Amino acid sequence: MTVQIHDGDRWHTVCALTDLQPGRGVAVLLPEAEQVALFRDSSGELYAVDNLDPFSGAPVLSRGLLGSRGDRPTLISPMYKQAFDLTDGHCLDEDTAPDGAPAVLRRWPVRVLDAEAAA
Amino acid sequence: MTGSTGMTADDRTVRDLVLVGHGMVGQRFLEAWSEQPAARHWRVTVLAEEPRPAYDRVHLSSLFSGSTPEDLALCPSGFLAEHGIDLRLGDPVSAIDRAARLVRTESGAEVRYDVLVLATGSVPFVPPVPGTDAPGCHVYRTIEDVDAIRAGAATADTGVVVGGGLLGLEAAGALRAGGLATHVVEFAPRLMAVQVDDGGGAALRRKIEELGVTVHTSAGASGVLTGPDGRVRGLALSDGRELPADLVVFSAGVRARDQLARDCGLPVGQRGGVVVDAHCRTEDPAVLAIGECAQAVDGRVYGLVAPGYQMAETAARTIAEQQGQGFTGADTSTKLKLLGVDVASFGDPHGTAEGALDVLYSDSRSGVYRKLVIGADGALLGGVLVGDTEGYGALRPLAVAGKPLTVAPEQLVLPAGFAGSAGPVALPDDAVLCSCHNVTQGAVRAAVREQGAESVAAVKKCTRAGTGCGSCLKQLGSVVKEELEAAGVSTVQGLCEHFAHSRAELYEIVRVTGLTTFSELLAKHGTGGEGCEICKPTVASILASLGNGHILDGEQAALQDSNDHFLANLQRNGSYSVVPRVPGGEITPEGLITIGEIARDHGLYTKITGGQRIDMFGATVDQLPVIWRKLVDAGFESGHAYGKSLRTVKSCVGQTWCRYGVQDSTTLAIELELRYRGLRSPHKLKAAVSGCARECAEAQSKDFGIIATSAGWNLYVGGNGGMTPRHADLLAADLDRDTLVRTIDRYLMFYIRTADRLERTSVWLERLEGGLDHLRAVVLDDSLGIAAELDELMSRHISGYRDEWAETLADPDRMRRFASFVNAPGTPDPAVTFVPERGQIRPARPGEAGHTLNAPVLVAGARLEVLTP
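Line by line, the protein sequences give chains C and L. Each number in this note's numbering comes from the position in the first sequence (counting from 1) with 124 added on. Each number in this note's numbering comes from the position in the second sequence (counting from 1) with 1366 added on.
Set out below in C-alpha cells:
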C-alpha cells in the first residue's frame, strides 16, 4: 500500500501508507522543490496540502497537529497556531496572510495505491 | 442589473474625490470611504509625496531592530485595485485652485475634484538655530530618515537627540542600540512633558539613564557646531555647554503641514493647522482636512494617530452625507515602551480640573511610579504610570469616561502585597476600550451577545477593537470572557469543543479511570471528532504527568505539540534549537568544550540563555538525532526546553565560593533540578535557589524559589517573570532540607492536579480559593488529606524518569520521524536558509534567502564556515 501525490502532471509515489502515523504528518519533496505536507487522520482519511505556512513563511505545516472544528477536518500550524480547513485549504482564523495574500493552502490530489494492483 | 443603461447612468454621475497625502490617516480615510455605499459613484485619486504607499509611522523605530519597510506597510495588496483608487506616489501637490476646483502637482499634472481631502500630516520642527542643515543633522519622520540615520550612525560614536518627547526617546533608543554614546536634550524640565508629571518624568529619567543614555533637561539647542569639513561635531546648548556629537537628530515636536491651505486662503489656527468643524470641513465645503494637518473643532492639533483615525472616519461619513458622530475631540492617552521602559498616561494626567487630588505611589528603587488623579466627586480623571503599566487597560477607559472608582484608589496604586484584593474595576458600557478604533465596552459586549462573537479573534473581526496598537487586548479578553459567562456559554468552562471538562477535571478522570490513550478518553468522556490543538497537547501533558511512558510512544506521539514532538524548540524559519540540561547552571570545562565542539561542527548559533544554559540554534530536523547522540554520549541529557515542564533551577554560587552565602545553594539547585526534570505540568516551570538574601539567583520571580537563611531555607511560590511579573509569596520559612523538598513536591503536584491549561503558578495561586493560606494548609498540614497521594505521584514521577533524547535514539521507530522529507530522507530542507551576523548564523529574512547575490547564504545541512562580512 503506497501513497501517491499528483503534482499536476503525474502521480508520484511518496511513501508507504504505514509511514503515516494517524493524526500526524510528513513532508514530501516534489520535483521543482515543491514541498507538500501529507497527513492521515484517525479515521484513515488522507490529506495533502502546501508545506509552506503562509503566516510564518516557513515550511513547517507537515509538523502541525490534525484536529477538527465541528465537521471540518483541520490542520493547525505549529508556528502561530492558525487552523486550516483541510477540505478546501482555507485558514479558519484569518482571511489573509501578513503579506496581504489570501491565506489558502493549495490542496494536492492524493491516493493510496494497492501494491498488488500496481504490480 | 439592467446592463449598459445602468452603467451609463452611473458614468454620468461619477464624481471626483482627491486625497492629498497617503500616510496612516490617509489610508484609514480610504478604508472608511470604501466602506461607504456612496463610494461606488466616486472616482478616487491620491496624490502622495513619499515614494511608497502608507506605512505604520508609529512603529518606525522597529526598523532599527530588524523590521523591514514591508513589515510596516499599511495598505493591503490589492486594496487600491479593488476599489479603483488611483495612487500617484512621489508627486506632491503644489497648489490648490479652489475656484476651478483643481489641484496642481509638482510634476505639472492637474486633477479636478468635487471634494478635496487634505491629509498632509505634519513636518518635524527643527529649532531655528545656526547649522541645522550641516551633514550629520537629521530629522525622524520617514523611512528615508531612518535609513539616513542608520547610515550616519554606522560611522558615528556620539549622537545627540534634541527633544525628550515620545519620538525623541524612540530615536535615542535606536541610537543607543546602534552602540552610540547617546544624549537627549529636552527644553522642558522633564522628559515627556506633555504626557507625564514631574514624578513620572523623574522615574522615567532614572530608568533611561540606567540604560546609558545621558539626559539634559531644561536645556535647548542654540546651535550646531561644525568642523572644518562642514560636518557636525557638536551641539551648543542654551545653558552655554557644548556636547560633542557626530550625529544630531531633531525630534522636538511637529508642526501641522498647512501650507497648501494657507496659500489658497483657507483659515488656519494661530499655532497652525487647517481650521475644520466637527465634520472635518474647512471654510470651503468642498475641502476637508483630517489628521495632524488639521486644527480640530476643540482648537487642538492632535499629534497622535488615534484622533487622526477618528477624523478620517468622520470625514468619510461627511462626504457620504451619512449621519454620525462628528469629531469634537479625542482621548490622548498613550501607553508605550520607550527604551524598554513602560510608560502610560491617560485622561487628565496633570490634574487640571478644579479640586483634583492625587493618589500616588513611587518606588525609585524598582523604578515604579503610579499616580491617579481623582476629582472632587471621587471620579477617576487620569493618571500616569511609569515602570509598570499593568493597570492601564482598565483605568484608561474609566478615566476617559470620568466615572467614579468602585474600589479605593490606593488599592490600585499600591504593590500587590499591600493592596489586598482590589477586585475587578467595573467599567461603564460607554467607556472606550479601544481608542485606536473608538470601540466602546458596550459595542464589544453587543458583539458577543448579539452578533455571536465567541472569542477575542471574532470580536476583533466584528468591531476592529484590538487591531490597532493592541494595548487594550488584555482588557478585551476579560470583557469577552465575562460576557460569555453571563450568557451561559458552556464552551468557556470546558477545555474546547471536544471536552466539556476543565483540565483539572480531565486530570482527575485520567487519574481515577487509569485510561492511557487519548482516543479512549475522547470516545468515553469527550464529544468525538479528531480532537484539536487545545485538547491534544493538554491530554498529552496529563498522560505524561501521570507517568505513561515515553511521550513519543504509540498514539501519544500524535498528540504532542510541535516542540514536544521533535524534543526541540521550533524557531522562526522552521529550524530547531537544542538545549542540554545543565543542572543548577554548573558545568565543567570539559562540558563547555563538548557543547562548543558540537555547535562548531554543525554550524549552530550559540547563546547563553536566561536560565543558565546554552542554547544551540539552527538545527534541521534531520540533524537533531546526530546532535543528541553527541550530547548524550558526553553525558548530557534533554533540558526539556521544549515542553511545558520543569526548565531550570537557577542558582548563585552560594556559601561554597561567595563570601556572603549562608547555605550551599548550588548543591540544592542541582538536586532539585534533577528531582523534577521531565515533570510535565500545565505551564513551564522555573525555579531558583539563592544562597543568601542578596538573591543573586532571582528566586522570587520563579514558580518556586528558595532563599537560604542562617536557620534553613525560605520557600517562595507563585512568582513569575514574563509578561505579567509577580513577586513570589513566602510559603514557609526556615525549613530544613527534607521538609523543604517534601513541601515543594506537594506544591507542584497540587498545582499540576488543579491548574487550568496553560495557567501559570502565579495565576493559579491568585485564583486558588483561600489563597496562600489554603495552599499552606494543604501542603504543610494536609488539610485535604491528599498529601500522601501527592507524595506518591511525585515519587512515581522521579523513579519513572528517563531521558527522552537517549530513549528516542535507542528506538528506530521513533527515529524515523527525524527526516526532512519522507520521500527524500537525506535531503536537507532547501527552504531553511541562514545568513551570517556577528560571526554566527541567523535565519535569512524574506528577500534575503537565495536572492542576495553578494552576501553569502548558507543552506542548512551544508557544513560551511560562517563568513563574516
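Even for Gly, the Cβ is constructed at its ideal location relative to N, Cα and C. Just so it is clear, the structure is predicted and the values come from calculations on it, not from any experiment.
| query | result |
| --- | --- |
| Same chain only: Cβ atoms within 8 Å of His1867(L), ignoring 5 sequence neighbours per side | Gly1860, Leu1861, Ile1875 and His1891 |
| Same chain, Cβ closer than 7 Å to Glu2125(L), neighbours up to 5 away in sequence not counted | Pro2048 and His2049 |
| CB-CB length for Glu2150(L) against Val2144(L), believed under 8 Å | In the sequence as displayed, the identity of residue 2150(L) is Leu instead of Glu. Yes, they are in contact, since the Cβ atoms of Leu2150(L) and Val2144(L) sit about 5 Å apart, within 8 Å. |
| Straight-line Cα distance separating Ala140(C) from Asp174(C) | 20 Å |
| Partner residues on chain L for Asp217(C), Cβ-Cβ distance less than 7 Å | Ala1823 |
| CB contact flag (Thr1471(L), Gly1530(L), <8 Å) | no |
| Residues of the region 2166–2177 of chain L with Cβ closer than 7 Å to any Cβ of chain C, in chain order | none |
| Contact under 8 Å by Cβ, Asp1549(L) with Thr1580(L) | According to the sequence displayed, residue 1549(L) carries His and not Asp. It is a contact, given that the beta carbons lie within the stated cut-off. |
| Rounded C-alpha distance that separates Gly2216(L) from Gln1989(L) | At Gly2216(L) the pLDDT is 46, less than 50, meaning the model places this residue with poor confidence; the figure from the coordinates comes in the next sentence. Gly2216(L) and Gln1989(L): Cα-Cα distance of roughly 22 Å. |
| Cβ contact (3+ pairs, closer than 8 Å) linking the region 1699–1706 of chain L and the region 1719–1727 of chain L | no |
| Close-in-space but distant-in-sequence residues of the same chain around His1645(L) (CB under 7 Å, 5 per side omitted) | Thr1680, Thr1684 and Gly1692 |
| Residue burial classification, Tyr204(C) (beta-carbon count within 10 angstroms, cutoff 16) | exposed |
| Proximity test, Cβ basis, 8 Å: Gly2227(L) and chain C | Confidence in Gly2227(L) is poor, its pLDDT being 40 and thus under 50, which makes the residue's placement unreliable; the coordinate value appears in the next sentence. No, Gly2227(L) does not count as interfacial toward chain C. |
| Residues bridged to Lys2052(L) [DSSP beta-bridge criterion] | Answer by DSSP bridge pairing: none, since Lys2052(L) is not bridged. |
| Own chain residues within Cβ distance below 7 Å of His2140(L), not counting five before or after | Leu2134 |
| DSSP-derived helix/strand/coil call for Leu2124(L) | coil |
| Contact the region 1590–1610 of chain L vs the region 1554–1564 of chain L: 3+ CB pairs below 8 Å | no |
| contact_flag[the region 2024–2039 of chain L, the region 2061–2081 of chain L] where n(CB pairs < 8 Å) is 3 or more | yes |
| Three-pair Cβ contact test at 8 Å for the region 1610–1620 of chain L versus the region 1443–1454 of chain L | no |
| Contacting residues, own chain, Cβ-Cβ under 6 Å from Arg231(C) (five flanking each side not counted) | Val173 and Gly213 |
| Identified DSSP bridge partners for Val2028(L) | DSSP output for Val2028(L) lists no bridge partner at all. |
| Neighbourhood of Leu189(C) by C-beta distance below 8 Å, restricted to the same chain and skipping five residues each side | Gly147, Arg148, Leu199, Ile200 and Pro202 |
| is_contact[Glu240(C), chain L] using C-beta, thresh 8 Å | Confidence at Glu240(C) is low in this model, with a pLDDT of 49, below 50, so the placement of that residue should be treated as unreliable; the coordinate-derived value is given next. Chain L, which has no Cβ nearer than 8 Å to the Cβ of Glu240(C), makes this no. |
| Assigned exposure category for Val1642(L) - 16 Cβ within 10 Å defines buried | buried |
| Range of the contiguous beta strand (DSSP E) that encloses Cys1503(L) | Cys1503 to Val1505 |
| Neighbour flag for Leu2002(L) against chain C, beta carbons, 8 Å | Reading off the sequence, residue 2002(L) comes out as Phe, not Leu. Not one chain C Cβ lies under 8 Å of Phe2002(L). |
| CB contact below 8 Å: Leu148(C) versus chain L | Leu is not the amino acid found at residue 148(C); the sequence shown has Arg there. Closer than 8 Å: yes. |
| For Lys1737(L): DSSP bridge partner residues | Leu1726(L) and Val1750(L) |
| Test item: CB-CB of Ile129(C) and Leu162(C) under 8 Å | yes |
| Arg1454(L) - DSSP class collapsed to helix/strand/coil | strand |
| Chain C contact residues for Glu1896(L), given Cβ-Cβ distances below 7 Å | Asp165, Ser166, Leu190, Gly191, Ser192 and Pro197 |
| Closer than 9 Å at the beta carbon, the chain C residues around Pro2212(L) | Gly181 and Asp223 |
| Chain C residues whose Cβ lies nearer than 7 Å to that of Arg1938(L) | Ser180 and Ala182 |
| Minimum Cβ-Cβ distance from Gly1444(L) to chain C less than 8 Å | yes |
| Beta carbon proximity, Val2188(L) to chain C, threshold 8 Å | yes |
| Spatial neighbours of Arg1815(L) in its chain, beta-carbon cut-off 7 Å, leaving aside the 5 residues before and after | Glu1849 and Ala1853 |
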